[in-house]
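Per the numbering used here: the sequence shown ends with 244, consecutive numbering throughout.
Heads up, the beta-carbon is just placed ideally off N, CA and C, and yes, glycines get one too.
So the structure is just underneath, and the comments pick up after that.
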Amino acid sequence: MIKHHPTPALLLAFTQGQLDSSLSIAVSAHLEHCECCRHQVLALQEASAQCLDDDCELETWDDEDMISAITDEDYEIHPKQSMPLKLHLKGQEYTLPRALQSVALSNWLKLGKLARARVDLNEGDVHTNLLHIEKGGTIPIHTHKGFELTVLLAGEFKDEFDDYVPGDFIWLNDANTHTPFTEHGCLCLTVANNSMHFVQGISQVLNPIGKLIY
Ligand SMILES: [Zn+2]
């Protein structure tokens, strides 16, 4: 059962279209797994539609405005490389969240049992990745200088706090130290705004892992 959900404030911001692409995609990915949050979003959408009905005057367009909008030469469509709906990794097939199907994905980079592909959203310090961990894989104990959001898409992992199932929406910050481990392997969507900080061991050895994952 999913135990970790976006906060009500985050769901409200999602409903109002106020989230950056990274967080919006992460919330969408959660909603595909979580009926409870889908109901909340529907209720919020209905409430805001009600507000619009109450105070909104309909904008009217005359024909000329419409024609000039359509024939404007500055208007170009930039086709984006679309992602496959299914991924095959290490003999396992994964279905990607619908929210990821129209965004570009970089090639996979691999280090040990970890592999990641960057989701190309161009959000500066905020990096979004697909992270695959092979069975028996772990990420050494670490904390974060900023935030780290993980949405488990498939498989399972556990850390010092809990065992997670697909759909779990796990938001950690610099107060949280953890050591994720997966017995059978997992695929996650991660959003982070800073590289991780390893708590133990030789940082020179662990640094490439931090760079791979961030
Ligand atoms: Zn939920």
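Can residue i be considered in contact with ligand 1, in the sense that its beta carbon sits closer than 8 Å to one or more heavy atoms?
{"i": "Pro38", "result": "no"}
{"i": "Phe44", "result": "no"}
{"i": "Gly197", "result": "yes"}
{"i": "Leu61", "result": "yes"}
{"i": "Ile32", "result": "yes"}
{"i": "Cys216", "result": "no"}
{"i": "His35", "result": "yes"}
Compare the beta carbon distance of residue i and residue j with 9 Å and say whether it is the shorter of the two.
{"i": "Leu217", "j": "His162", "result": "yes"}
{"i": "Cys64", "j": "Phe199", "result": "yes"}
{"i": "Thr37", "j": "Ser78", "result": "no"}
{"i": "Asn206", "j": "Val156", "result": "no"}
{"i": "Lys175", "j": "Asp204", "result": "yes"}
{"i": "Trp201", "j": "Glu186", "result": "no"}
{"i": "Thr12", "j": "Ile243", "result": "For residue 12 there is no data in the structure shown, the boundaries of the chain being 31 and 244."}
{"i": "Gly191", "j": "His172", "result": "The sequence as given places Phe at residue 191; Gly does not occur at that position. Not a contact, by the Cβ cut-off of 9 Å."}
{"i": "Glu62", "j": "Gly197", "result": "yes"}
{"i": "Leu135", "j": "Ala147", "result": "yes"}
{"i": "Glu213", "j": "Gly154", "result": "no"}
Use the C-beta contact count for residue i: other C-beta atoms within 10 angstroms, 16 or more gives buried, fewer gives exposed.
{"i": "Leu130", "result": "buried"}
{"i": "Gly142", "result": "exposed"}
{"i": "Asn237", "result": "exposed"}
{"i": "Leu139", "result": "exposed"}
{"i": "Leu53", "result": "buried"}
{"i": "Ala73", "result": "exposed"}
{"i": "Asn159", "result": "buried"}
{"i": "Gly121", "result": "exposed"}
{"i": "Cys67", "result": "buried"}
{"i": "His118", "result": "exposed"}
DSSP puts residue i in a beta bridge; with which residues?
{"i": "Val221", "result": "Thr158 and Leu179"}
{"i": "Asp192", "result": "Partner(s): none; Asp192 has no beta bridge."}
{"i": "Val149", "result": "Leu135 and Thr158"}
{"i": "Ile163", "result": "Leu144 and Cys216"}
{"i": "Glu123", "result": "His118"}
{"i": "Ile200", "result": "Thr180"}
Tell me, to the nearest whole angstrom, how far the beta carbon of residue i is from that of residue j; I am working on the premise that it is less than 8 Å.
{"i": "Tyr124", "j": "Leu42", "result": "Going by Cβ atoms, the distance from Tyr124 to Leu42 rounds to 30 Å, so no, they are not a contact pair."}
{"i": "Val181", "j": "Ala56", "result": "5 Å"}
{"i": "Ser58", "j": "Pro127", "result": "6 Å"}
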